[in-house]
Amino acid sequence: DQQVKQNSPSLSVQEGRISILNCDYTNSMFDYFLWYKKYPAEGPTFLISISSIKDKNEDGRFTVFLNKSAKHLSLHIVPSQPGDSAVYFCAASVHSNYQLIWGAGTKLIIKP
Amino acid sequence: DTGVSQDPRHKITKRGQNVTFRCDPISEHNRLYWYRQTLGQGPEFLTYFQNEAQLEKSRLLSDRFSAERPKGSFSTLEIQRTEQGDSAMYLCASSPPRDEQFFGPGTRLTVL
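Listed in order, the protein sequences are those of chains P and C.
Sequential numbering from 1 applies to the first sequence in the working numbering.
Sequential numbering from 1001 applies to the second sequence in the working numbering.
Have a look at this one:
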């Protein structure tokens, strides 16, 4: 049973445009959500997080939106840059727990 | 060096052999995690240490797997009698007492 789902294996976006990556979850106990970026041959790198008490968190070009009723979160990158090409993972946890439950990732390709 | 390091980066072994991986976390982080990642999937939690205490092990961690963190600093993950199904990327992460985890580059294991 996949508790965190990223239904788009890949996404192609023109440089300068907005990239929107989506993530759905099933466990209503999750109250902390994170996005990580991963380049080939490297470990995941933390990007941005959001607590369930918020519905939006912004950090520079990256914004995460959380819709608790729909059990859905999204990562917006604007404007998209070539260096943003990577695999993006959504992860979730119950705050009192330490385990991160991960989605399968979405490969983002930024076209010049 | 302020990041998480892992050694070796790559390991090729024959089925039935034992292998050991090392992880050096960020020095001030008291939490250390091991994950396994296979192609096309997100990382899967294996085990977690708080200081030197191993507080949780996933059911994915069979009896052939053992992890230690003897002095609350570096950690080792040993796989005995390796099987082809053990081929994966093994990721180590560390964190302070909150959920943001910082990952090392991983050890890619290939079992022939």
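Cβ atoms here follow ideal geometry from the backbone N, Cα and C, with glycine treated the same way.
The structure presented is a predicted model; accordingly, all values stated were derived computationally and were not measured.
Backbone CA spacing between C/A1093 and P/F89 [nearest angstrom]: 15 angstroms
Nearest-angstrom Cα separation, counted from P/I110 out to P/D24: 23 angstroms
Residues that P/S51 bridges to, as DSSP identifies them: P/Y32
Touching by the beta-carbon criterion (3+ pairs, under 8 angstroms), the stretch 96-108 of chain P and the stretch 1001-1008 of chain C: no
Same chain, Cβ closer than 8 angstroms to P/S49, neighbours up to 5 away in sequence not counted: Y32, F33, L34, W35, N57, V64
Any C-beta of chain C under 9 angstroms from that of P/I101: yes
Complete runs of the beta strand (DSSP E) confined to the stretch 1075-1103 of chain C [at least 3 residues]: 1075-1079, 1088-1095
CB contact below 9 angstroms: P/L34 versus chain C: yes
Test item: CB-CB of P/L21 and P/S8 under 9 angstroms: yes
Beta-carbon neighbours of C/P1105, restricted to chain P and to distances below 8 angstroms: A41, E42, G43
Nearest-angstrom Cα separation, counted from C/L1055 out to C/P1097: 14 angstroms
Beta bridge counterpart(s) of P/V13 as assigned by DSSP: P/I110
Same chain only: Cβ atoms within 8 angstroms of P/Q3, ignoring 5 sequence neighbours per side: Y25, T26, N27, F30, A92, I101
8 angstroms Cβ cut-off: residues of chain C touching P/F62: In chain order: nothing, as chain C lies at least about 14 angstroms away.
DSSP state of C/D1063 mapped onto helix, strand, coil: coil
C-beta atoms of C/L1060 and C/R1036 nearer than 9 angstroms: yes
Per-residue burial, P/K186 [other beta carbons within 10 Å of its own, 16 or more giving buried]: Here chain P comprises residues numbered 1 to 112, so residue 186 of chain P is not present and cannot be evaluated.
Option in P/S85, P/L75, P/S74 with minimal Cα separation from P/K107: P/S85
Nearest residue (CA-CA) to C/S1066, options C/N1051, C/T1047, C/K1014, C/L1109: C/T1047
Within-9 angstroms CB hit, P/S8 to chain C: no
Nearest-angstrom Cβ-Cβ length linking C/T1020 and C/T1082, presumed shorter than 8 angstroms: The Cβ separation is near 11 angstroms, so there is no contact.
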